[in-house]
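Okay, structure first, notes after.
There are 4 protein chains.
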Amino acid sequence: MIKASIIGATGYTGIELIRILKNHPMVSISKLYSESYKENKADEIYPHLKNNLNLNFCEFSKENFEDDCDIIFLALPHGHALNLASFFINQNKKIIDLSADFRIKNTNHFYEWYHKKHTQQELLKNTLYGLPEITNKINYNHINFVANPGCYPTAILLATIPLLKFNLIEMEHFVFDAKSGVSGAGRSLQLNSHFCEINENINAYQIAGKHRHIPEIEEQLNKFTLKNIKIQFTPHLIPVTRGMHITSYFHLKDNVTEKNIYESYINFYENSSFIRIYKDNILPQIKNVKGTNYCDIGFQIDPRTNKLIVISVIDNLIKGAVGQAIQNMNLMFHLEEDLGLHFITNYP
Amino acid sequence: MIKASIIGATGYTGIELIRILKNHPMVSISKLYSESYKENKADEIYPHLKNNLNLNFCEFSKENFEDDCDIIFLALPHGHALNLASFFINQNKKIIDLSADFRIKNTNHFYEWYHKKHTQQELLKNTLYGLPEITNKINYNHINFVANPGCYPTAILLATIPLLKFNLIEMEHFVFDAKSGVSGAGRSLQLNSHFCEINENINAYQIAGKHRHIPEIEEQLNKFTLKNIKIQFTPHLIPVTRGMHITSYFHLKDNVTEKNIYESYINFYENSSFIRIYKDNILPQIKNVKGTNYCDIGFQIDPRTNKLIVISVIDNLIKGAVGQAIQNMNLMFHLEEDLGLHFITNYP
Amino acid sequence: MIKASIIGATGYTGIELIRILKNHPMVSISKLYSESYKENKADEIYPHLKNNLNLNFCEFSKENFEDDCDIIFLALPHGHALNLASFFINQNKKIIDLSADFRIKNTNHFYEWYHKKHTQQELLKNTLYGLPEITNKINYNHINFVANPGCYPTAILLATIPLLKFNLIEMEHFVFDAKSGVSGAGRSLQLNSHFCEINENINAYQIAGKHRHIPEIEEQLNKFTLKNIKIQFTPHLIPVTRGMHITSYFHLKDNVTEKNIYESYINFYENSSFIRIYKDNILPQIKNVKGTNYCDIGFQIDPRTNKLIVISVIDNLIKGAVGQAIQNMNLMFHLEEDLGLHFITNYP
Amino acid sequence: MIKASIIGATGYTGIELIRILKNHPMVSISKLYSESYKENKADEIYPHLKNNLNLNFCEFSKENFEDDCDIIFLALPHGHALNLASFFINQNKKIIDLSADFRIKNTNHFYEWYHKKHTQQELLKNTLYGLPEITNKINYNHINFVANPGCYPTAILLATIPLLKFNLIEMEHFVFDAKSGVSGAGRSLQLNSHFCEINENINAYQIAGKHRHIPEIEEQLNKFTLKNIKIQFTPHLIPVTRGMHITSYFHLKDNVTEKNIYESYINFYENSSFIRIYKDNILPQIKNVKGTNYCDIGFQIDPRTNKLIVISVIDNLIKGAVGQAIQNMNLMFHLEEDLGLHFITNYP
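Line by line, the protein sequences give chains H, U, E and L. 1 is the number of the first residue of the first sequence in UniProt numbering; add one for each residue after it. 1 is the number of the first residue of the second sequence in UniProt numbering; add one for each residue after it. 1 is the number of the first residue of the third sequence in UniProt numbering; add one for each residue after it. 1 is the number of the first residue of the fourth sequence in UniProt numbering; add one for each residue after it.
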């Protein structure tokens, strides 16, 4: 059994990690570290865990760290992993970091977008950007530190990379219009997660090149294409708890058919059990992936404009965060990639 | 492996049965019968099943019935099981009926509330009302036909029976104020499941002794107490998809303490892994049981009025329907009662 | 024109007051005092006011108070009006206080439930509890200070008082099961107004005799009946922004018919244009009163139990707060009671 | 007083027309024709109208038509106005048609998109496309028949036309990503307005050049520019009852600044009291216009891509349908354009 601990166990990603790790056949949970609740029984704070977890939350400190876990999940706000990562590496722990701290290789970009100097450049070089359907699986050999992708980048890159690989689209004028559930903003209190502000509303935020997932997406696209692609990315908050829906607009190359596109996706993802490609004009919806690790992709060509519209949907907390982290863990430990991740959505 | 078939596979309970049976370690699905979709691939109609189920829906007819299944789940509107049950009994199938047709032993009451003559009185005698936490487990031996309880009766009886058993409450003035998610009304189209009629609203319906779950609840209470209890039951629709929340009001007997109540519940449910009893004034919420087979129960005494208020919550489609049906199946086949039902809610 | 100012103009009640006062034909807004925004233009913080209001928020201080308004609305958290009221009385302002500070005449009860000594007992005696449909209109003559009722008390008293007046119900075992929208909890940040905690959920809170609206309701019932009634009151939060729905349970006196009840309500409210009584088994719903000053009341008798179930619904921010305050203002200034309050809901 | 009648009074637009006409100072309602309810009192079917409207619904027939109204609002499904319009013209009634039947001047396009031959070409020539902020006001003189624009075209054209007028954007690669509340789909029953299908979901529909509002939008753009613009338009359904949010993407011409854009909008709409232009990076939200006749417009330039992103929001049933119809009526009768339309949203 793999012994796993979580730092930041009481946020929305932490608590979802607990659920999935608890049901994972090859994992036992070691420690649950939390700043917010330092002594409480887990099911006292989160009664949905009652009968399932007999653990207390505890405080993390480097000084008194005694945890024989094999892997640490860092589920912390951006900036914290920078300070903690080398400590755990020195303790011979494997690490999966769910924050942005080690996602961007270009430290100038990191500074520009996160207003923080990257103090761990050596470690950054040995970190794997872990989007398992895109990343070469061979890269997981001997890797100890995975930077888990952001939710928006996951849904966008999975829709886009196969089209680039098979040379189906022009490399400019990418528009990604994104709609996200509110859980992506976390459990901390802020006016724009107040029920009355979200309910019966939709609002765009950090539009026109301001959202911090842009450099992450562009770095991956440019690594893949060796170009200097600039994307248009517009995130919106919609009144749902979970789920993410991306409407992508691409300029199609000449003479590309829907059949070409379908086959390219199928081909690209033939070994990826979490990607489902739709055809016959059926379009993905959040409700088909909520609570699962799937990314569903559908598309149509507009013959009037020769544009390709692709819809991709994920559960922002699972394929967009925790489920993907478990996929990465499975690969780091040479387990089946989908172990412990066979969820079907609770329809309706 | 148990081979299971579903009649009525494409309604909300049918589709949820598919999901849980698919993941059950001792079950393989045999046939999925549907009136609405007679030939389609299941994942064509319900894309959330893609990659998980390679079956077609098919039409049921007695004439051409060739199905070597061991058990049939009837997930049909009220009235249909009356016509089908004896056919399957003659075929030596076990049956779990999710409709109301065989829940009420008193056929006069059945006629009075359902306006239908009960044509299967012999069969009715051999049917078990299958609320596993209340029903004596010994009754499952040799039983072939289980009537699966209604959603409201499940949440109400689980909150009430232990209080009667330990003689903690007066046997009159029971008030059950119930709030249900919209999925309980099914997938068929009606004005009161139109989004714009439900959203930003709450409405009571069939109040003041009109709802058909009343005779079912009263029969069970009266069977248990040998009294003639009449309940007050008020159902409301709230703008959530899944979940049921019952606020029960009881007159407390003298000198009963919260400790007495807690211990009575704990005692009554000591072997029931799906019932979770809350204490320390924490109150159950739908969000802790959604997507699970749990019934969570919490309570407080009002010393000003000597009333006991009990809150019980379930997922109406799981513990209130399909999950309970699987519990019943497990018991009929002498499996562990909770096999294939270990769900933790996707919080938040 | 009446010149009106608001203290606490930027909370949910404050901002709704602005809207209604702005459209009131006999009012001009004088000043908008706010702690949160001390200089901003109103439509900069609340863009929905753009083109409608050319005013800045400003800071209130007793020292620099120069405001020639005729009436002050206090839309502040509980406790603040205690300190401010006499100041405004000395300035010859009329006052409508939307907090609980002056609602309860029994100062022992006030202390017991609000944990605060009532320091303004003299003033309290001269304060009118302003529920216009219940309060004798003659009492508004010469009154300068109105305590505006709470939202739950408004919806509960309007449903109950006529039944007591016409002696239709027993004076015990009152059960009020209440469901409220989230705006009632205000705009301040707290976990139980976080979208993800409210959405797809319902939760009871402060049950079993703990909610602070209980002494207010009981004082009014007891003033009316000269009895010592104790009520059972259970508030729940439902995932809607606005609206309040009360399901009331009463023991009926012998031989009371639905016709008796209907006529009693009609009779009691014959001069009350904001109370609408339903018949023919149609039940009130939040969606019929949202955005209006109406209280809709419907009911049914259960002949099986001889209980009367009454449903009353209001918009918690209008009839439950701001609209009622304007009604009170109209009466204080001898205007038509319904002036500026003719709203029909935006169905759907 | 203007006497107004509605054909199709019981759908969502019909019922909203009733509300606004009822409160309009220069209108009295004559007749309410409905197919669904032919004799009922209006407030029996729609209790929210109680105390406000003492009218019955009635059946329309050409044979027995006796209605001395001045204006008829046609709130019918597409196709019906084609058959009715000339009848009313012959009766000397003014007409506002809320369907698509007379919006598109190019009858080939009408046939192509609506699969119906346009049988009223003469009448069509004399019909005014009534988007009052764009249409020259002089055109309203002597006009008797107005085709009321669609909801999507309203929100899109109001955002786009000023940019074209002032030559700020390229005339290609227009992308309009639209999100609409469910009331736009009407009150008729269909699976994609079932609460459980919409709630906790978002879905795109009729994407890639399939939605029928496309020819209407393009005709207006091309009339204005004398070009042959093809747009990309992607509608989505979001889980809100009312509201429409358009995210528009434009290629900016060189050296255009945010100041240029702001001033162009302000200039274009200087006499339009229902258009509100945002600045300082504040973005429009549905919640600021819900229940009102406003169209709020905000925008930002992305200097990285030289794209302009514009957000426009309306209430789909008011500015997107009924409110705009009343604006058109006011102009046809030479009243103030905004008479009876001064609504501020019920925030929150």
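Every residue gets a Cβ at the ideal spot worked out from N, C-alpha and C, and that includes glycine.
Whole-Å CB distance - residue i paired with residue j, under 8 Å assumed
| i | j | result |
| --- | --- | --- |
| THR292/E | ILE318/E | 6 Å |
| GLU219/U | ASN139/U | Not confirmed; about 16 Å, so no contact. |
| GLN327/H | PRO153/H | Their Cβ separation, rounded to whole angstroms, is 15 Å, which puts GLN327/H and PRO153/H out of contact at 8 Å. |
DSSP three-state assignment for residue i, whether helix, strand or coil
| i | result |
| --- | --- |
| residue 421/L | For chain L, the structure presents residues 1 to 348; residue 421/L sits outside this window and is missing. |
| HIS245/L | strand |
| THR234/U | strand |
| SER36/E | coil |
| LYS125/H | helix |
| ASN316/U | coil |
| ASN56/U | strand |
| ASP254/E | coil |
| GLN324/E | helix |
| ASN108/L | helix |
| ILE169/U | strand |
| GLY298/H | strand |
Test: residue i CB closer than 9 Å to a CB of chain L
| i | result |
| --- | --- |
| VAL182/H | no |
| LYS22/E | yes |
| ASP177/H | yes |
| GLN120/H | no |
| LEU195/U | A small fix is needed here, since residue 195/U is Phe in this sequence, not Leu. Yes - at least one Cβ of chain L is within 9 Å of the one on PHE195/U. |
| ILE301/H | yes |
| HIS213/E | no |
Nearest-angstrom Cα separation, counted from residue j out to residue i
| i | j | result |
| --- | --- | --- |
| MET1/E | MET332/E | 14 Å |
| PHE268/E | TYR294/L | 41 Å |
| ASP338/U | ASN136/U | 16 Å |
| GLY320/U | ILE275/U | 13 Å |
| GLU44/U | TYR33/U | 15 Å |
| ASN141/E | LYS259/E | 36 Å |
| TYR12/E | ARG187/E | 6 Å |
| ASP97/U | ASN148/U | 6 Å |
| GLY130/H | GLY79/H | 19 Å |
| CYS58/L | GLN206/U | 30 Å |
| ASP302/H | GLU270/H | 26 Å |
| THR234/L | GLN232/H | 16 Å |
| LYS94/H | LEU74/H | 11 Å |
Proximity below 9 Å, CB of residue i to CB of residue j
| i | j | result |
| --- | --- | --- |
| VAL182/L | SER193/L | yes |
| LEU158/H | ILE297/H | yes |
| MET244/H | ALA155/H | yes |
| SER61/L | ILE29/L | no |
| LEU164/L | VAL310/L | no |
| ASN144/H | ILE89/H | yes |
Min CB distance residue i to chain E below 9 Å
| i | result |
| --- | --- |
| SER273/L | yes |
| ASN228/U | no |
| LYS50/L | yes |
Contact with chain H by residue i, beta-carbon distance below 9 Å
| i | result |
| --- | --- |
| TYR12/U | yes |
| GLU200/E | yes |
| VAL240/E | yes |
| ILE282/U | yes |
| HIS109/L | no |
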